[in-house]
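Peer 1:
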Amino acid sequence: MFGDRKVTFSGVQPSGNLTIGNYLGAIRNFKEYSEQYKTFYCVVDEHAVTVRQTPADLRRRTYETLALYMACGLDPEKNTLYVQSMVHEHAELAWILNCFTMFGELSRMTQFKDKSARHADNINAGLFTYPVLMAADILLYQTDVVPVGVDQVQHVELCRDIANRFNQIHPDTFTVPEAVMPKSGKKIMSLADPEKKMSKSDENQNAVVYILDDRDTIIRKFKRAVTDSGSEIRQDPQKAGVSNLITIYSCFTGKTAEEIEREFSGRGYGDFKLAVGEATADALAPVQAEYRRLLADKAMLEAQMKKGAEEASYYARRTLSKVQKKLGFVQIR
Ligand code: TYM
């Protein structure tokens, strides 16, 4: 809490082109907290280097992610928008929290298991302690709510465990945060394999719709989306592909699943896929236009990064200093 305002924190990695999964599961929902909460939205570049990045690409995507935050309606006057590596307290608190996190806990993280299978030649310690840095991100700001997609909930649960453990030894240090997910869109699935999460690191470009894909590409990808051999458009665990498309259509149009089933009753998959593609392209068009406008102004983005980092540092310093004092670190200023 800050005064009477609750705090929201979330982050997105600049590790690839952002997908409609990132948009519907997370970024689109950030704005609803802007008015009533104190909000921190971070571009988490330190998390991104747990897998090898090309430096020029990482730098470019850091600007792009910030521009996309703003294009999704996050006003930098109302939200603290910043880049993680520009606020050194994140890494410092992460070190301390490492000493309050158990090897066994980290070994159980499903994302670690997935990523270490995918990057078998680079199972580095950062990949393993990744959730601890994430806990530091969240706890530095005394966060109450963390809007995320379902794949990040396990990490937020671990963050709660770390906070509770620390608080038990050193009372009243951290606010214990809670993950919040959207009613619809918390897990958008791959268009090529609807049993798998849509992911920005997927090598199959047809599996993923990017926020910045042009209209024709979006429509083409939805036309190719894997469905099943039937023809009925209804939500059903046996029909993962169609169910995923219904979710996406529902998120972009605001229609309920029942309304969608009625709208397409007696019509084929072809019609439906085209409608999903068009609705997605229509909804993303204004975000894309605003993004292009913002990205063209590099000086403005840099000024925002600087301002955001200064704001974030102010709060981060307060928590870090409290933690250091509780641990017995000598503080001479
Ligand atoms: P990242 O960059 O993988 O994803 C950013 C956000 O997008 C959500 N998301 C999805 N939601 C629905 N369907 C999908 N297919 C989908 N794919 C991704 C993610 O759940 C996430 O909310 N570790 C985090 C970044 C992070 C963070 C934090 C988040 C670092 N520190 C502190 C919250 C709080 C990550 O890799 O997200």
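Whatever position you read off the sequence shown (first residue = 1), add 2 for this note's numbering.
Ideal Cβ positions, reconstructed from N, Cα and C, are used throughout, including at glycine.
What is the DSSP secondary structure of residue 117, reduced to helix, strand or coil?
Peer 2: As a working mapping, residue 117 is identified with position 115 in the sequence shown. Residue state, collapsed to three classes: helix.
Peer 1: What's the gap between the Cα of residue 79 and the Cα of residue 202?
Peer 2: Taking the first residue of the sequence shown as 1, we reach residue 79 at position 77. Taking the first residue of the sequence shown as 1, we reach residue 202 at position 200. Whole-angstrom Cα-Cα distance: 29 Å.
Peer 1: Across the segment 168-183 and the segment 209-225, are there enough close Cβ pairs to call them in contact, namely three or more that are closer than 8 Å?
Peer 2: Because the criterion of three Cβ pairs below 8 Å is not met, the segment 168-183 and the segment 209-225 do not touch.
Peer 1: What number of angstroms, rounded off, separates the C-alpha of residue 200 from the C-alpha of residue 208?
Peer 2: Within the sequence shown, residue 200 is the residue found at index 198, counting from 1. Within the sequence shown, residue 208 is the residue found at index 206, counting from 1. Their backbone Cα atoms lie some 11 Å apart in a straight line.
Peer 1: Between the Cα of residue 48 and those of 84, 264 and 27, spot the shortest distance and give me the residue it belongs to.
Peer 2: Start at 1 with the first residue of the sequence shown, and residue 48 comes out as number 46. Checking every option, the nearest Cα to that of residue 48 belongs to 84.
Peer 1: Using a Cβ distance threshold of 8 Å, determine whether the segment 286-294 contacts the segment 228-236, with at least three qualifying pairs required.
Peer 2: Verdict: no, contact absent.
Peer 1: Compare the beta carbon distance of residue 39 and residue 14 with 9 Å and say whether it is the shorter of the two.
Peer 2: Within the sequence shown, residue 39 is the residue found at index 37, counting from 1. Within the sequence shown, residue 14 is the residue found at index 12, counting from 1. For residue 39 and residue 14, no; Cβs fall outside 9 Å.
Peer 1: State the CB to CB distance for the pair residue 297 and residue 28, rounded to an integer number of angstroms; the pair is presumed to be in contact (CB under 8 Å).
Peer 2: As a position in the sequence shown, residue 297 is number 295, starting the count at 1. As a position in the sequence shown, residue 28 is number 26, starting the count at 1. Wrong, their Cβ atoms sit about 20 Å apart, outside the cutoff.
Peer 1: Look at the Cβ atom of residue 175, then the Cβ atom of residue 8, and state whether they are nearer than 9 Å.
Peer 2: As a first step, residue 175 is located in the sequence shown; it is residue number 173 there, counting from the start. As a first step, residue 8 is located in the sequence shown; it is residue number 6 there, counting from the start. Not closer than 9 Å, so no.
Peer 1: Per DSSP, residue 181 is paired with what?
Peer 2: For the purposes of this step, residue 181 is identified with residue 179 of the sequence shown, where counting begins at 1. BP columns for residue 181 point to 148.
Peer 1: One question on the structure: do residue 248 and residue 187 come within less than 9 Å of each other, judged by their Cβ atoms?
Peer 2: One-based indexing of the sequence shown puts residue 248 at position 246. One-based indexing of the sequence shown puts residue 187 at position 185. Cβ distance not < 9 Å, so residue 248 and residue 187 don't count as in contact.
Peer 1: Mind checking whether the beta-carbon of residue 44 lies closer than 8 Å to any heavy atom of ligand 1?
Peer 2: On the sequence shown, residue 44 is found 42 positions in, with the first residue counted as 1. For ligand 1, at least one heavy atom lies less than 8 Å from the Cβ of residue 44.
Peer 1: How would you call residue 89, buried or exposed, if buried means at least 16 neighbouring beta carbons within 10 angstroms?
Peer 2: Reading the sequence shown from its first residue, position 87 is the one you call residue 89. Buried, because 16 or more other Cβ atoms sit within 10 Å of the Cβ of residue 89.
Peer 1: Between residue 221 and residue 283, which are expected to be in contact by the criterion C-beta below 8 Å, what is the C-beta distance as a whole number of angstroms?
Peer 2: Locating residue 221 in the sequence shown gives position 219, counting from the first residue. Locating residue 283 in the sequence shown gives position 281, counting from the first residue. Yes, residue 221 and residue 283 are in contact; Cβ-Cβ is about 6 Å, under 8 Å.
Peer 1: Measure the alpha-carbon distance for residue 36 versus residue 17 and round it to whole angstroms.
Peer 2: Within the sequence shown, the letter at position 34 stands for residue 36. Within the sequence shown, the letter at position 15 stands for residue 17. Rounded to whole angstroms, residue 36 to residue 17 spans 25 Å at the Cα level.
Peer 1: Give the DSSP-derived three-state secondary structure of residue 46 in the structure shown.
Peer 2: Counted from its first residue, the sequence shown places residue 46 at position 44. Note: residue 46 maps to coil in three-state DSSP.
Peer 1: Between residue 151 and residue 189, how many whole angstroms is the CB-CB distance? I'm expecting something under 8 Å.
Peer 2: Position 149 of the sequence shown, counted from the first residue, corresponds to residue 151. Position 187 of the sequence shown, counted from the first residue, corresponds to residue 189. The pair is a contact, with the Cβ atoms about 6 Å apart (cut-off 8 Å).
Peer 1: What are the start and end residues of the beta strand (DSSP E) that includes residue 82?
Peer 2: As a working mapping, residue 82 is identified with position 80 in the sequence shown. Counting along the chain, the beta strand (DSSP E) containing residue 82 begins and ends at 82-85.
Peer 1: Which same chain residues end up closer than 7 Å to residue 94 when comparing Cβ atoms and leaving out the 5 residues on each side of it in sequence?
Peer 2: The residue labelled residue 94 in the question sits at position 92 within the sequence shown. So the list reads 322, once near-sequence residues are dropped.
Peer 1: Hey, would you say residue 92 sits closer than 9 Å to residue 329, going by beta carbons?
Peer 2: Here residue 92 is taken as the residue at index 90 of the sequence shown, counted from 1. Here residue 329 is taken as the residue at index 327 of the sequence shown, counted from 1. The answer is no: Cβ separation not under 9 Å.
Peer 1: On the criterion of 16 or more Cβ atoms from any shown chain inside 10 Å, does residue 262 qualify as buried, or is it exposed?
Peer 2: Position 260 of the sequence shown, counted from the first residue, corresponds to residue 262. That one is buried.
Peer 1: Go ahead and pull the three-state DSSP assignment for residue 158.
Peer 2: On the sequence shown, position 156 is the one that residue 158 refers to. It is helical.
Peer 1: Going by the C-beta, is residue 306 closer than 8 Å to any heavy atom of ligand 1?
Peer 2: The residue given as residue 306 occupies position 304 in the sequence shown. It does not: the Cβ of residue 306 is nowhere closer than 8 Å to a heavy atom of ligand 1.
Peer 1: Can you give me the start and stop residues for the alpha helix (DSSP H) that residue 134 sits inside?
Peer 2: The count along the sequence shown starts at 1 and reaches residue 134 at position 132. From DSSP, the alpha helix (DSSP H) with residue 134 extends over 127-142.
Peer 1: Give a yes or no on contact between the segment 120-137 and the segment 149-164, applying the rule of three or more CB pairs nearer than 8 Å.
Peer 2: Judged by Cβ distances under 8 Å, the segment 120-137 makes contact with the segment 149-164, as three or more pairs qualify.
Peer 1: Please state whether DSSP places residue 252 in a helix, a strand or coil.
Peer 2: The residue labelled residue 252 in the question sits at position 250 within the sequence shown. The answer is helix: DSSP assigns residue 252 an H, G or I state.
Peer 1: Give me, in chain order, the residues of the same chain whose beta-carbon lies closer than 7 Å to that of residue 59; leave out the 5 immediate sequence neighbours on both sides.
Peer 2: Indexing the sequence shown from 1 puts residue 59 at position 57. Excluding residues within five positions, none has a Cβ falling inside 7 Å.
Peer 1: Looking only at DSSP bridge pairs, what is residue 7 linked to?
Peer 2: In the sequence shown, the residue the question calls residue 7 occupies position 5. Beta-bridge pairing links residue 7 to 4.
Peer 1: Could you name the residues that DSSP lists as bridge partners for residue 14?
Peer 2: Taking the sequence shown and counting its residues from 1, the one referred to as residue 14 is at position 12. Residue 14 is bridged to 45.
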